[in-house]
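Participant:
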Amino acid sequence: MAYALRKTVGFILLLVTIGGVSTVSIFHLFPPLFG
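full-length UniProt numbering applies: residue 1 is where the sequence shown begins, and numbers increase by one.
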């Protein structure tokens, strides 16, 4: 149970990290859209 929970939390953290990096990359690629 604890192992599955830890794996799920790790997966969510991975998704959040990828999402954050993608968002930052998009902001840097298209600064005029968000300025």
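Where is the CB? At the ideal position from N, CA and C, for every residue including glycine. Remember, predicted model here, so these are calculated numbers, not experimental data.
Using DSSP with H/G/I as helix, E/B as strand and the rest coil, what is Phe27?
Facilitator: Residue state, collapsed to three classes: helix.
Participant: Tell me which same chain residues have a C-beta within less than 7 Å of the C-beta of His28, skipping the five on either side of it?
Facilitator: Excluding residues within five positions, none has a Cβ falling inside 7 Å.
Participant: Ile12 to Pro31, Cα distance in whole Å?
Facilitator: Going from the Cα of Ile12 to the Cα of Pro31 covers about 28 Å.
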